[in-house]
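Quick note on my numbering: the sequence shown kicks off at 1041 and runs consecutively.
Positions of the beta carbon are idealized from the N, C-alpha and C atoms, including for glycine.
It should be emphasised that the depicted structure is a prediction, and the values quoted were computed from it without experimental measurement.
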Amino acid sequence: MAKLTDVDSLQKAFEGCRGVFHTSAFTDPAGLSGYTKSMAEIEVNVTENVMEACARTPTIKKCVFTSSLSACVWQDIAQSDLSLLLTMLPGLWYALGKMRAEKTAWRIANERGLKLTTICPALITGPEFCHKNPTATIAYLKVDVKKVAEAHACVFKAMDNNASGRYICFDNVIDSQSEAEKLAKEIGMPKEKICRDATNNCLHRFELSNDKLCRLMSRPLRCWSEF
């Protein structure tokens, strides 16, 4: 079994492979609250090792990297705003770790000529899945674990043609208080982590769409929101 901390070990495991799905990530039994700065740094280092091993393996031509929808909300945030957000909401280390890991993957892929795509899934749901992995991404968007697996296979195959870049993956929008409370109960997470106070001031606006992935797979959904 390959060690994620050892590039040589990973390269040996990859020998003869045509592609790699990098899905390895921390899961926190307590949800976002337990994901720390050190965990984010480890995740970045592991991603660097996996991508370097891919680049060193002659048979590997492409890689699909599993990121997170949380990584998509960090666009154009100034360092001062970032420091403030992390002070106010320590759980955002998960999102920051995912974003930095994805950036690392893109840097190495561009430097080493490796074909890369990234998939950013929402809160992954499925039979007993959330009870084992309750770490949320953006809580009002969710996706079935089977859809995530299908997305990886679909994108990997499409990379032989012109598939590239980042693919946002969600198939259900939670757009009411009652649905949010139901989701919190289903995944065993305190509803306060999902149901935000509507009177809070929003720091940033963002728009997320799964149009790009749906052009490969199914009907698109669109979501606008604030945080």
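Check	Outcome
Of all the alpha helix (DSSP H) runs that stay within the bounds of the region 1053 to 1106, which reach a length of 4 or more residues?	1077 to 1096
Is S1249 near the ligand COA, going by C-beta to nearest heavy atom under 7 Å?	You won't find the ligand COA in this model; it holds no ligand whatsoever.
Once you ignore the five residues that flank C1021 on each side, which residues in its own chain have a CB closer than 8 Å to its CB?	Residue 1021 lies beyond the range of the chain shown here (1041 to 1267); nothing can be said about it.
Expressed to the nearest angstrom, what Euclidean distance is found between the alpha-carbon atoms of C1209 and G1137?	19 Å
Buried or exposed: where does D1211 fall if 16 or more other Cβ atoms within 10 Å of its Cβ makes it buried?	buried
By how many angstroms is the C-alpha of N1202 removed from the C-alpha of F1061?	18 Å
Which of helix, strand or coil does DSSP assign to G1137?	helix
Taking the alpha-carbon of L1253 as reference, which of V1090, V1188 and A1149 has the nearest alpha-carbon?	V1188
List the DSSP bridge partners of L1156.	C1103
Going straight from the alpha carbon of C1194 to that of M1257, what length do you get?	7 Å
Quick check: the Cα distance between V1104 and R1147, rounded to an integer number of angstroms?	14 Å
Tell me which residues share the same chain as A1111 and place their Cβ nearer than 7 Å to its Cβ, disregarding the 5 neighbours each side in the sequence.	A1135, K1138, M1139, E1142 and C1160
If you drop the 5 nearest sequence neighbours on each side, which residues of the same chain put their C-beta closer than 7 Å to that of C1094?	F1054, V1060, I1100, C1103 and L1154
From which residue to which residue does the alpha helix (DSSP H) around L1253 run?	D1251 to C1254
Compute the Euclidean distance between the alpha carbons of A1162 and A1065, then round it to the nearest angstrom.	15 Å
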